[in-house]
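Add 2 to the 1-based position in the sequence shown for the working numbering, that's all there is to it.
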Amino acid sequence: MIELLSNYMGGQWVQGQATGSVLVDPVLGTELVRVDSTGLDLAAGFAFAREQGGKALQALSYGARAQMLEAVSKVLQSRRDAYYEIATANSGTVKNDSAVDIDGAIYTLATYAKLGKSLGDRHFLLDGEVASLAKDGLFQSRHVQVPTKGLALFINAFNFPAWGLWEKAAPALLSGVPVVVKPATSTAWLTQRMVKDVVDAGVLPAGAISVVCGGSAGLLDALEEFDVLSFTGSADTAATIRRHGAVAERSVRVNIEADSINSAVLLPGDAPGSLAFDAFIKEVTREMTVKSGQKCTAIRRVFIPESLYDATAEAIKARLAKVVVGNPRNESVRMGALVSRAQLSAVEEGLARLKTEAEVLHDGAAHPLVDADPKIACCVGPTLLGVRQPDQATTVHDHEVFGPVATLVPFRDLTHAQMLVRRGRGSLVVSLYGSDNQALARTAVDLAESHGRVHVGTPDSAAVQSGHGNVMPQSLHGGPGRAGGGEELGGLRALNFYHRRAAIQAHPDVIQAI
Ligand code: NAP
3 MIELLSNYMG GQWVQGQATG SVLVDPVLGT ELVRVDSTGL DLAAGFAFAR EQGGKALQAL
63 SYGARAQMLE AVSKVLQSRR DAYYEIATAN SGTVKNDSAV DIDGAIYTLA TYAKLGKSLG
123 DRHFLLDGEV ASLAKDGLFQ SRHVQVPTKG LALFINAFNF PAWGLWEKAA PALLSGVPVV
183 VKPATSTAWL TQRMVKDVVD AGVLPAGAIS VVCGGSAGLL DALEEFDVLS FTGSADTAAT
243 IRRHGAVAER SVRVNIEADS INSAVLLPGD APGSLAFDAF IKEVTREMTV KSGQKCTAIR
303 RVFIPESLYD ATAEAIKARL AKVVVGNPRN ESVRMGALVS RAQLSAVEEG LARLKTEAEV
363 LHDGAAHPLV DADPKIACCV GPTLLGVRQP DQATTVHDHE VFGPVATLVP FRDLTHAQML
423 VRRGRGSLVV SLYGSDNQAL ARTAVDLAES HGRVHVGTPD SAAVQSGHGN VMPQSLHGGP
483 GRAGGGEELG GLRALNFYHR RAAIQAHPDV IQAI
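Right, here's the structure in full:
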C-alpha cells in the first residue's frame, strides 16, 4: 500500500483512521501517496493552536516574528529541489510553472519578513490619528489594531499548494496568529511536505502551524468567535461556507477568493506590429498557457477593437501553435497537464458550453501530446475562441473554464469595452495595453471599482512589468463581486485581517501612554 501522509495537529503527527484518498500523477496516472483526516480530534488540535501557538507567537514582537518568517523561507529554499519533484509528479507542471508556485511562495515569505522588520519591537499597531472627543481636548479617541486571539484556518484550492499556503501564512504568522491549513486533496502532498520540513526544522513555536490533509468534515464546526477563515476555491463551496454557523452565527471573519472571469484590453490606437500590440499578444498567450491556465488570475476574455479581430486572432494563433504540450519531464514540453481527470472533464464541459456561442479560432484538441498517453494524461492544448457578437453572448462573461482557454471579444469603443468587462461581475484583475498614457490612466481608474488589481502594460515597462497573472505580495490580491469580495496581500494591509481594531477613549495622558 502506498504511503499515508500524516496530519499535524496538536503538536503531533497523526494519521487518519480510514484508507483515505489516493493522489495521482496526472500525466502517468500512477498512484503517489494517500491522505486522510478521519478521526482527528479537531477541537483539541484547534485549542492547542490557539493556546500554545497563539500565546508563543504573541509573546514575540513583529520584528521577532519577521525573523521567524525569514527562517521559514530559508528552510523552504534549502529543500526546493524536492518540492519541484513533488510538483512535477502531483501537479504535472513544467519547471517554469512549478516555479510560480514554489518560488512564488518563498519570495512572498521573504517579502513579509522584510516588511515585518519595519514594525520593530511593537506588539500591537496604532491605527490612524488621535481624535478629540471633548471641546477642550481632554478626552480623546485612539484606534489600535491588536492580533486576534484565535487561529487562522486556510481552506485552499488545488492549483497553488505552495504559494496558496504561504501567501496566507506569512501575514498571519507575522500578526502572531497560528495557522491551520487544509490543502485541496488532489495536490495536498506539496503543502504537507512543506509544513513537515518547517516543523522538523523547529523554526516555529509549537502550535504555530498545523496541517489537515483529506476531507474538510468538521473543520468549520471547530471554529470559534475569534478565529478567522480564509477560503480559496469555487464559488459553490464559498457559498456553503458563508452559510455555515461559524460564519453566520459565530461571526468568524471570512475572506473568500473565488472564481473570476479576468480580462485583458487592448486600447484603441495601437496597430498590429506596434510595441503595445506585441506586448498584449505575448501576455495573452503566456497567461493562457502558464500552469495550463489553472490560475485564478488567468486572462479569460481578450478585448480588442473590432477592426483588429482577425489580426489579433492570427497573432495569438501563431504563438499558440508553437506550444508543445505533454509530459513535463520531456525538455521540449512547454505546457504540462491539468491537475486531474476531474479537471480535464470540467474543462471539456466548459469548452462545450462556450462553443455554443463562440467560434473556435485555435483548437487545443489538435495539439499532439509529447510523451503522454491521451487515454491517461490530463493534458490538453490551448484553445482560443472568439465571439463576434459580444452583447448577445452570455456564457463567455459568466463561465470560468479553469484551463488553457480564452475568448476574443471585439468592442466598438472604450465605453463599450468597459461595459463588456463589467459583465464579469467583479474580477481579480484586468490588464490594459496601449501607448496613450492618459487614456490608460483614465481607464485604470474607471475599472478599479470592479477589480482588485488593474495591471497596465506600456512599451516603457514591457521589460520589467510583473505580469498580468503574477500576484505580487506588495499589491492587493482579491476582487469584488463574483471574485469573492476578498482582499489578500497588498503589503502590510494583509495584517488587517488577522487583527481586531478597537477604539480606546481616554484622557490624553492615558492615550499618550498607549
Ligand atoms: P473547491 O472544490 O471549491 O475546493 C476548494 C477547497 O475547499 C478544497 O480544499 C476542498 O477540499 C475544500 N472543500 C470542498 N468542499 C468543502 C466544504 N463543504 N467545506 C469546506 N471545504 C470544502 O475548488 P477547487 O476546484 O479546488 O478550485 C478551483 C477554483 O478555485 C476555481 O474556480 C478558481 O478560480 C478558484 N481559485 C481562486 C483563487 C483566488 O485567489 N481567487 C485561487 C485559486 C483558485 P477537497 O479538495 O478535499 O474537496
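Just so you know, even glycine gets a beta-carbon here, dropped at the ideal spot from N, CA and C.
Cβ-based neighbour list, residue i, same chain, cut-off 7 Å, excluding 5 preceding and 5 following
i: Arg313; result: Before going further, note that residue 313 is Ala rather than Arg in the sequence given. Hits under 7 Å: Pro274.
i: Thr527; result: In the structure as shown, the chain starts at 3 and stops at 516, and residue 527 therefore has no counterpart that could be examined.
i: Leu371; result: Val327, Gly328, Ala379 and Cys381
i: Ser218; result: Ile157 and Lys184
i: Ala240; result: Phe233, Ile258, Ala260 and Gly486
i: Leu449; result: Gln420, Val423, Val432 and Val456
Contact belief for residue i with residue j at Cβ below 8 Å, rounded distance in angstroms
i: Val398; j: Ala360; result: 6 Å
i: Arg343; j: Val96; result: With 8 Å as the limit, Arg343 and Val96 do not qualify as a contact, their Cβ atoms being about 20 Å apart.
i: Phe404; j: Val349; result: 7 Å
i: Lys184; j: Asn158; result: 7 Å
i: Gln142; j: Val132; result: 5 Å
i: Gly287; j: Leu430; result: Going by the sequence as given, residue 287 is Thr instead of Gly. Contact doesn't hold; Cβ gap of about 19 Å is too wide.
i: Gln54; j: Gly209; result: 4 Å
i: Tyr114; j: Leu176; result: 5 Å
i: Val35; j: Glu72; result: At roughly 30 Å, the Cβ-Cβ gap does not stay under 8 Å, so Val35 and Glu72 are not in contact.
i: Lys319; j: His369; result: Wrong, their Cβ atoms sit about 12 Å apart, outside the cutoff.
i: His453; j: Gly481; result: 6 Å
i: Gly47; j: Ser212; result: 6 Å
i: Leu44; j: Val16; result: With a Cβ gap of about 11 Å, Leu44 and Val16 do not count as contacting.
i: Val473; j: Arg303; result: Actually they are not in contact, since the Cβ atoms of Val473 and Arg303 sit about 19 Å apart, beyond 8 Å.
i: Asn92; j: Thr189; result: 5 Å
Near the ligand NAP: residue i beta-carbon under 7 Å from a heavy atom
i: Asp38; result: no
i: Ser76; result: Before going further, note that residue 76 is Lys rather than Ser in the sequence given. False, no ligand heavy atom lies under 7 Å from that Cβ.
i: Ser262; result: yes
i: Glu350; result: no
i: Ser218; result: yes
i: Leu222; result: yes
i: Cys298; result: yes
i: Leu478; result: no
i: Ser429; result: no
i: Lys184; result: yes
i: Asn257; result: no
i: Ala485; result: yes
i: Ser265; result: no
i: Glu402; result: yes
i: Ser100; result: no
i: Asn472; result: no
i: Ser433; result: no
i: Ala441; result: no
i: Ala464; result: no
i: Gly235; result: yes
i: Ile243; result: yes
Contact set for residue i: own chain, Cβ-Cβ below 8 Å, skip 5 residues either direction
i: Asn517; result: For the chain, the structure presents residues 3 to 516; residue 517 sits outside this window and is missing.
i: Glu227; result: Gly152, Arg252, Ser253 and Val254
i: Met243; result: Here the sequence assigns Ile to residue 243, which means Met is not the residue at that position. If we look at Ile243 and ignore the five residues flanking it on each side, its Cβ neighbours are Ile157, Leu222, Leu231, Phe233, Val249, Val256 and Ile258.
Cβ-based neighbour list, residue i, same chain, cut-off 6 Å, excluding 5 preceding and 5 following
i: Ala505; result: Ser143 and His145
i: Ala154; result: Ala174, Val179, Val181 and Val230
i: Asn332; result: Val372 and Asp373
i: Gly12; result: Ala46, Gly47 and Phe50
i: Phe282; result: Leu268 and Tyr435
i: Leu494; result: Leu117
Segment contact flag, the stretch 494 to 513 with the stretch 278 to 290, C-beta cutoff 8 Å, min 3 pairs:
Counting Cβ pairs under 8 Å, fewer than three are found: no touch.
Is there contact here, the stretch 158 to 168 with the stretch 99 to 115, by at least three beta-carbon pairs under 8 Å?
Because the criterion of three Cβ pairs below 8 Å is met, the stretch 158 to 168 and the stretch 99 to 115 touch.
Touch check for the stretch 118 to 127 and the stretch 55 to 74: three-plus C-beta pairs under 8 Å?
As far as the Cβ criterion goes, the stretch 118 to 127 touches the stretch 55 to 74, which means the pair count is three or higher.
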